[in-house]
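**Student:** Numbering (our numbering), first residue to last: 64 to 375.
The following block contains the structure, expressed as structure tokens.
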Amino acid sequence: MSELRTKDEHTEAIRRDRKVAVVVNTRSRRGRRHYFEVIEQIHNLGFEPLAELSVYNPKRLRDLLDTALATEPDLLIVGGGDGTLSSAVHHVAHRDVALGVLPLGTTNNFARSLGLPLDLAGAIGVFATGKVADIDLGMADDQPFANLASFGVSVEVAGKVKPWLKRIVGRPAYPLTALTILPGHTPFRAYITVEGQRHELLTHQLNIANGRFHGGWQVARDISIDNGMLVAYQLGSGKKLRLLGETLIRATTGRWRSLAGGPFVVGREMLLETEPPMAADVDGEVRLRTPIRLRVVPNGVRVMVPDSFEDR
């Protein structure tokens, strides 16, 4: 891990030296359409990027992020959806470089958790007027994640949601796809151990969040991506009708909930076991299976955020 400047020094360096590199996933929902607009607006702010890279083949994303970082920017600007930004988080974790986020995906959970504007001009403006903050990094076994590890229906949804549906309706594509899967889905039993206390639940869907948003909607008002805590919560219960109702509510209203009033388990470290063993969707990648140990690394990633962001 390289020696880190203070956040104020890092912010000043970005504003003074304008050393940035840009990587845009042009396979994302809006990346291909807006790539040249993004580059033009970044130049208009007085930045002269050390690298300007577009990613059409997702298999090349990590190599191109390495190429961009090799130019030694103070700010790595990355455009794409949550999967792209999760890969970028892995690359900048514990390094003396800040991540600049361009929300070009369908749900943009990570950008929402940072309080970023979702319009391009607003998000790009943050690079010139914002500040460097450090946020928490989630770990699922040895796999870092920025936003969410999920289990159950959502793993099937991620594999079955249609790209054309995401393009047409945006973030409701996920709960709408879930409604087609639920009738044949079998609930599972989960055991979450936190600080020696074991919690048991029967559900169709379990999420463990580092960020504040899921599916483009706020999970709860008092969740933060910068509070040193993970939050585990279920959608609905083991009863399909309850989960159908919860999914419909989220698809239509994005209802707010509070940690004090919902079925939440909060902790810095969690052991998750399930019956039967299950695949985990970790920021869009399905590579792990339960049992899984999850933990939070406080202040593991530097990001560029609006001045209004509460940096703890």
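Just so it is clear, CB atoms sit at the ideal spot from N, CA and C, and this is done for glycine as well.
(1) Report the rounded CA-to-CA distance for R81 versus E135, giving the unit in angstroms.
(2) Inspect the CB distances between the stretch 338–349 and the stretch 130–149 and report whether three or more fall short of 8 Å.
(3) Distance check for I271 and S213, CA to CA, integer angstroms please.
(4) Could you work out which residue in M333, Y119, F99 and R358 is closest to G259 when comparing CA atoms only?
(5) Per DSSP, what are the beta-bridge partners of K194 in this structure?
(6) Let me know the secondary structure DSSP gives G71 once reduced to three states.
(7) Give every residue of the same chain whose Cβ lies closer than 7 Å to the Cβ of R125, excluding the five residues on either side of it in the sequence, and list them in chain order.
(8) Name the residue from Q104, I102, D159 and K122 whose alpha carbon lies nearest to the alpha carbon of A76.
(9) With 16 other CB atoms within 10 Å as the buried threshold, where does P112 fall?
(10) Determine the extent of the alpha helix (DSSP H) in which I102 is found, giving its start and end residues.
(11) For the stretch 358–374 against the stretch 196–203, are there 3 or more C-beta pairs whose distance is under 8 Å?
(12) Compare the C-alpha of I355 against each of P340, L127, G363 and I105 and name the closest.
(13) Using the rule of at least 16 other Cβ atoms within 10 Å of the residue's Cβ for burial, across every protein chain shown, is T169 buried or exposed?
(14) Nearest-angstrom Cα distance between H73 and V195?
(15) Can you have a look at D289 and say buried or exposed, based on whether 16 or more other CB atoms are within 10 angstroms of its CB?
(16) In whole angstroms, give me the CA-to-CA distance for G109 and R96.
(17) Among residues of its own chain, excluding the 5 on either side of I286, which ones have a beta-carbon nearer than 6 Å to its beta-carbon?
**Tutor:** In short:
(1) The alpha-carbon separation between R81 and E135 amounts to approximately 12 Å.
(2) Taking a cut-off of 8 Å for Cβ pairs, the stretch 338–349 and the stretch 130–149 touch, as three or more such pairs fall below it.
(3) Roughly 6 Å separates the two Cα atoms.
(4) The shortest Cα separation from G259 among M333, Y119, F99 and R358 belongs to M333.
(5) In the DSSP output, where bridge partners are listed per residue, K194 has V368.
(6) The sequence as given places Asp at residue 71; Gly does not occur at that position. When DSSP states are grouped into helix, strand and coil, D71 belongs to the helix group.
(7) Cβ neighbours of R125 beyond the five flanking positions: S150.
(8) Residue D159 is the option with its Cα nearest to A76.
(9) Classification for P112: buried.
(10) Segment G94 to N107, the alpha helix (DSSP H) holding I102.
(11) Note that the stretch 358–374 touches the stretch 196–203; at least 3 beta-carbon pairs, one per stretch, sit closer than 8 Å.
(12) Of all alpha-carbon atoms in P340, L127, G363 and I105, the one lying nearest the alpha-carbon of I355 is that of P340.
(13) Classified as buried, T169 has 16 or more neighbouring CB atoms from the shown chains inside 10 Å of its CB.
(14) H73 and V195: Cα-Cα distance of roughly 7 Å.
(15) By the 10 Å Cβ count, D289 comes out buried.
(16) A direct Cα-to-Cα measurement between G109 and R96 gives close to 23 Å.
(17) R275 and V294, listed in sequence order.
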